[in-house]
Each structure stands twice: as C-alpha cells, then as structure tokens.
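Here is the structure we will look at, set down as structure tokens.
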Amino acid sequence: MNESLPTFRKEKQAIWRFAVVGVGNTMVDFAVFFLLTAAGVPTAIAQVVSYGAGVANSYVWNRRWTFQMKQRANIGELLRFLAVNGLSLGVSLVVLLAAERLGPLWLAKGAATIMGMAVNFIGSRCWVFAAPRSER
Numbered sequence: 001m002n003e004s005l006p007t008f009r010k011e012k013q014a015i016w017r018f019a020v021v022g023v024g025n026t027m028v029d030f031a032v033f034f035l036l037t038a039a040g041v042p043t044a045i046a047q048v049v050s051y052g053a054g055v056a057n058s059y060v061w062n063r064r065w066t067f068q069m070k071q072r073a074n075i076g077e078l079l080r081f082l083a084v085n086g087l088s089l090g091v092s093l094v095v096l097l098a099a100e101r102l103g104p105l106w107l108a109k110g111a112a113t114i115m116g117m118a119v120n121f122i123g124s125r126c127w128v129f130a131a132p133r134s135e136r
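Right, dumping it as structure tokens:
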C-alpha cells in the first residue's frame, strides 16, 4: 500500500496540472468558438477552428509541466498527440451536435468540452506521454 501512495499522489498532481492547462485552453476555445458563431460561422466549423486554437499550447504545457517528460520530443510523440486530439475533437463534436438539439448552446458546449477532456487526458496519460516501460 505504501508503494502505491506516491503513484497516487503523482497521478493526482498530473490530473490537477492537466486541468489547469485545460482551463487555459478551454478559455481560448470558448472565446474563439463564441466569436465565430456570433459572426455566423456554422457550429461545426467554429468547433474545429476553436479546438485547434489551443492544440499547440496544450502540447507544450502538458509535455513539460503536466507529464514532465524528460526525453526529447519526437515525431512519434507528436503524431500520437495529434491523433489523441483528433479523437478528442471528434468526440466533442459528436456530443456538441447531439446536445445542441436538447438544450442551450452553452450547455452543449460544456458537455462536449468535458467529454473531450476525458478522452484527451486518458489518451495523453496512457499513450502520448506514457512513461517508458523502464520507469514504470
């Protein structure tokens, strides 16, 4: 049990840091999304553009601060990051388009963001920024 406590604390810290980075990215996402939709851009296009606005910032902050990667970045890691973010975007888009029919747009956007963040954290922790097997 004592051996699992540091692991639990480290995971708790990673989740907290991921949330902090996510809040910053979400503020950019929401601002761009609602500016675009207010300008008459269709919801799906606004979602793709606004989501993409935070991806580069997310990679740098999550790699260095959230998951504290010590190895040099490589193309494989970047491609995995983009794949996870693409999946997260897809999930958030499906949720957004389904939920906007059921209630206000802000609530649909909130639900889409929560689902996208869950997919993104799990993919980032387990695949993109996973510790090398020798460190597990």
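Start counting the sequence shown at 1; every next residue gets the next number (full-length UniProt numbering).
All C-beta atoms, glycine included, are put in the ideal place defined by N, C-alpha and C.
- A check of alpha carbon separations from residue 33 across 88, 51, 89 identifies 51 as the nearest.
- Taking 4 residues as the shortest admissible run, the UniProt domain "GtrA/DPMS transmembrane" (17-129) contains the following complete alpha helix (DSSP H) segments, listed from N- to C-terminal end: 43-53, 55-61, 75-99, 105-123.
- Using a 10 angstroms sphere on the CB of residue 58, the tally of other CB atoms reaches 16 or more, which defines it as buried.
- In the three-state scheme derived from DSSP, where H, G and I count as helix and E and B as strand, residue 14 is classed as helix.
- Sequence-distant Cβ neighbours of residue 65 in its own chain, meaning closer than 8 angstroms and more than five residues away, are 17, 21.
- Here residue 94 is exposed, its C-beta having fewer than 16 other C-beta atoms within 10 Å.
- Taken atom to atom, the span from the alpha-carbon of residue 91 to that of residue 39 is near 24 angstroms.
- In the same chain as residue 73, and ignoring 5 residues on each side of it, the C-beta atoms closer than 8 angstroms to its own belong to 63, in chain order.
- Inter-residue distance for residue 71 and residue 104 is about 44 angstroms (C-alpha atoms, whole angstroms).
- Between the alpha carbons of residue 11 and residue 45 lies a distance of about 35 angstroms.
- In this structure, residue 83 and residue 96 do not form a Cβ contact; the two beta carbons are roughly 20 angstroms apart against a cut-off of 8 angstroms.
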